[in-house]
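S.K.:
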Amino acid sequence: MTGNKCKIEASIAEAVLNVEVANFTTKHYDPNIPTKHNPVLRYNAANNEEVPKLSIFVGLGGKSSGSKPYRTDLQERTLIHSYVLNTMVEVKPYIEQFKAIHWKNTHREPTPEESKQIFDKGGGFGFSSWFCNLARTDKEMKSELRKIARGFDHSVEAFNSYDVNGYRFQTHKYTTSRPNAKTINSGVVCQGDDGLHYYGRVEDIYELNYGFQKGLNPVVFKCHCSFRYEDPSQKPPRGYSNILGGLLRRYFPGIVDLPTGGCDVAWRWAHYSLAEDPLGRGTMADVVVGKFWRYFRRAEGKENACDDVLHQIARKRVTGMHYEARVQCVRDWHADRFVHMTKEDARDTLMQPWQYMQNPPQYVGNDERCFLAMVMWWTCDQYLKKHEEGKKKRAEMRGGSHIQGSIPISLHLQNEEVRTGVKPNVFAVLKKMKQRKTPDPETGSVWVNPQCETQCTSYVSKFKQKYGEEANPEAEDFDPEVAVLAGEGLKHGRLWFGDGCVDPAKVPSLRQIRRGRKSGQPEVEPRPRASDLAIERLRAEMAAKEQAAQEQRAQMEQQILEYQQQQTQMMQQMQQQQQMMQQQQAQMSWLMSQTVLSSPPGSLPAPPPDSMPWMPPPPTQTPGTPITVNNMNIIRSMNRGESSCAQPATCTCSSVQYANANVHSINLLIDYMSQGNDDEAGGSGGGQG
């Protein structure tokens, strides 16, 4: 796709732009054209022209393995046939007609449990028998629907694998028999009437024979699903927060009308109360609450408290749902271009509106008007400002808030009790959830963030103030009053430490604690915010830097003082040297003044002993004795600095430094003595050279 080989970068950019435009416009192509959003199926798929026009045959595939005959019993056949009838859109009007005949109460509609009971046992034999008899007498019923009403044969074909909707499904038994298989697919998910997704594994695959042509028989999967919440020893596959999140997505109202006028996206849980249910079951909030309590049982006498907790969780889940939707849009857009992106990177990545529009969230569906309003909010300046503020707050935390994962603390305590068989200590579990397994490589701390350490230490401090210094919170029950004292009560309806693991009815208010409180009792501590902790951390860092600077300044001052002392000593030594030089100059001046040309050859007047203490005594010689080589050697040794000092204990003249300073004076003396020897030799008419 390189149009100009001299400008490869521009050609690549043009090619990428063409691919982006093509992928963006493929949604408007004909469904028969294979595109990125409508790829060619990898496995078998039936031809739509040959499939009967019934909803049960939509998306049929083909067999991918051999089959063996299997005969179903009466109970299994009844269960499969009832499932087929309930899932067919064409049978829905007949089911409503059957309910109207056998439901006698005209003041209300039957509940889901009552509707199921009417379907199974209405009229004595249930809907299946009534529908089969109706198919024999109703001439207006379609022939294909008559075959469905009569039911399928007891003998079915069982398969190990089957292709449906372009995917190959395999039974769990067949999957486990192939330990080194490269690809396996024995898991399924289906959406129930309550809007939740049920997960399970395929146990058997049956091809039913309703009397249609060969190859056009519907296929059903016999699945094994585990979805229990009553038994605490059975770990549920999904927690209550996930169930509530599924219901909030299932009944998302989209755009709602505001009481003050105008409309807006249902960004908050309060907007669910403004949207009416299309089926007349009240508001969307009522539907979500009603569906949620089908999976859990409220404690007797605490129904209102349970509803309050549910509303608090729902408020948080709705805002989190939209937050995760934008992050998932970013990840999906990059995944379509084979670019892996983690959640951490996706949170800080902002895209253009046309990029968001290519990957709408699943809960929005086909509501383009609602998704467009969401994208406009995600790309406006106000959201950008809010996004930057959120980044700063996350940076202030310096880590997560816990390591317990997505499950709530109450469920974690329940799982811990099931695992150990002993009721766990709440404070010990909370402390464990706020500590890392390995210390942080930068700070060396085991706490997840500084605020977690402050929470635990504040609780321990207040606990010991109340029960004594010997009290151990890890060996005692969790005290809600201590948690209130350590974190300034229930701010915004939440405890600062231990929220979610204590019954809200047992948490005292600040007014109850302060009423009649004495001066000796523990006081209520203000709850520090993340910004306050960050400021304290900065102050501590600045104090540490200031202390280090003071220590460095004191060290430098000490070094300067030592340097000044060394300089003083050097100045004293230099003054001593200068005095010695002055004495030497005075001695040399006296020596030169006492020396006369008429002195006998070889004679050298001796200076006073106290004037030149460093010079050795002159050699003893009689007057008129000429200077000898030995005398010259003595002077030359003086010139080389080898003279011996008469006062070695006090004089420093033996150093090379002083000897070098006297080189010029000694040379003058040698020249003078040499001149005297030459004169003597000339006067005697020759002599030794």
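At position 355 of the sequence shown the residue is numbered 355 (full-length UniProt numbering), and the sequence of numbers has no breaks.
Yeah, the Cβ is synthetic: ideal placement off N, Cα and C, and Gly gets one too.
Using a threshold of 8 Å, state whether the C-beta atoms of Cys-452 and Lys-432 are closer than that.
M.R.: no
S.K.: If you reduce the DSSP assignment to three classes, tell me which class Ser-67 lands in.
M.R.: In this structure, DSSP gives Ser-67 an extended state, which the three-state scheme calls strand.
S.K.: Please confirm whether Tyr-70 and Ala-158 have their CB atoms less than 8 Å apart.
M.R.: Going by C-beta atoms, Tyr-70 is nearer than 8 Å to Ala-158.
S.K.: Can you tell me whether DSSP reads Tyr-83 as helix, strand or coil?
M.R.: Judged by DSSP in its simplified three-state form, Tyr-83 adopts helix.
S.K.: Along the chain, where does the alpha helix (DSSP H) containing Phe-463 start, and where does it finish?
M.R.: 450–467
S.K.: Of all the beta strand (DSSP E) runs that stay within the bounds of the region 359–445, which reach a length of 3 or more residues?
M.R.: none
S.K.: Just checking: is the beta-carbon of Glu-144 within a distance shorter than 8 Å of some beta-carbon in chain D?
M.R.: Any reference to chain D falls outside this structure, which holds one protein chain only.
S.K.: Does the distance from the CB of Tyr-356 to the CB of Trp-377 come in under 8 Å?
M.R.: no
S.K.: For a test of the three-state rule: what should DSSP assign to Gln-170, helix, strand or coil?
M.R.: strand
S.K.: Of the residues Val-156, Lys-222, Tyr-383 and Arg-136, which one's Cα is nearest the Cα of Val-188?
M.R.: Checking every option, the nearest Cα to that of Val-188 belongs to Lys-222.
S.K.: In the structure shown, what three-state DSSP assignment does His-271 receive?
M.R.: helix
S.K.: Which word fits Ser-186, buried or exposed, when buried means at least 16 other C-beta atoms lie within 10 angstroms of its C-beta?
M.R.: buried
S.K.: Quick one: residues in its chain with C-beta nearer than 7 Å to the C-beta of Asp-479, no 5 flanking neighbours on either side, listed in chain order?
M.R.: Phe-463
S.K.: With contact counted as at least three CB pairs below 8 Å, one residue from each stretch, are the region 334–343 and the region 275–288 in contact?
M.R.: no
S.K.: Rounding to the nearest angstrom, what Cα-Cα distance links Asp-120 and Arg-108 in this structure?
M.R.: 20 Å
S.K.: Using the three-state DSSP reduction, which class does Ile-184 fall into: helix, strand or coil?
M.R.: coil
S.K.: The beta strand (DSSP E) spanning Glu-157 covers which residue range?
M.R.: 155–159
S.K.: Secondary structure at Gly-498, three-state DSSP: helix, strand or coil?
M.R.: coil
S.K.: State the CB to CB distance for the pair Glu-481 and Pro-508, rounded to an integer number of angstroms; the pair is presumed to be in contact (CB under 8 Å).
M.R.: 6 Å
S.K.: Does the count of Cβ pairs from the region 362–377 and the region 403–423 closer than 8 Å reach three?
M.R.: These segments do not touch.
S.K.: Assuming Asp-308 is part of the alpha helix (DSSP H), what are its boundary residues?
M.R.: 303–335
S.K.: Between the alpha carbons of Ala-270 and Thr-420, how many angstroms are there, rounded?
M.R.: 41 Å
S.K.: Should Trp-354 go down as buried or exposed, given a rule of 16 or more other Cβ atoms within 10 Å for buried?
M.R.: exposed
S.K.: How is Tyr-240 classed by DSSP in three states: helix, strand or coil?
M.R.: helix
S.K.: For the alpha helix (DSSP H) that Ile-148 lies in, which residues bound it at each end?
M.R.: 143–150
S.K.: For Gly-320 versus Ile-409, is the C-beta distance shorter than 8 Å?
M.R.: no
S.K.: May I ask you to report which of helix, strand or coil DSSP gives Ile-205?
M.R.: strand
S.K.: Are the Cβ atoms of Asn-160 and Thr-171 separated by less than 8 Å?
M.R.: Yes, the pair counts as a contact, with Cβ atoms nearer than the cut-off.
S.K.: So which of Glu-442, Gln-312, Glu-470 and Ser-531 has the shortest CA-CA distance to Glu-396?
M.R.: Ser-531
S.K.: Answer yes or no: do Leu-248 and Lys-291 have a C-beta to C-beta separation smaller than 8 Å?
M.R.: no
S.K.: By the three-class DSSP mapping on this structure, what secondary structure does Trp-103 have?
M.R.: Three-state DSSP puts Trp-103 in coil, outside helix and strand.
S.K.: Straight-line CA distance for Tyr-240 to Cys-306?
M.R.: Straight-line Cα distance between these residues: approximately 13 Å.
S.K.: Specify, as a first and last residue, the run of the beta strand (DSSP E) that Asp-257 falls within.
M.R.: 255–257
S.K.: Assign Glu-642 to buried or exposed, taking buried as 16 or more other Cβ atoms, counted over all protein chains shown, within 10 Å of its Cβ.
M.R.: Because the pLDDT of Glu-642 is 47, which lies under 50, any placement of that residue in the model is unreliable, and the number read from its coordinates should be weighed accordingly. With fewer than 16 other Cβ atoms within 10 Å, it is exposed.
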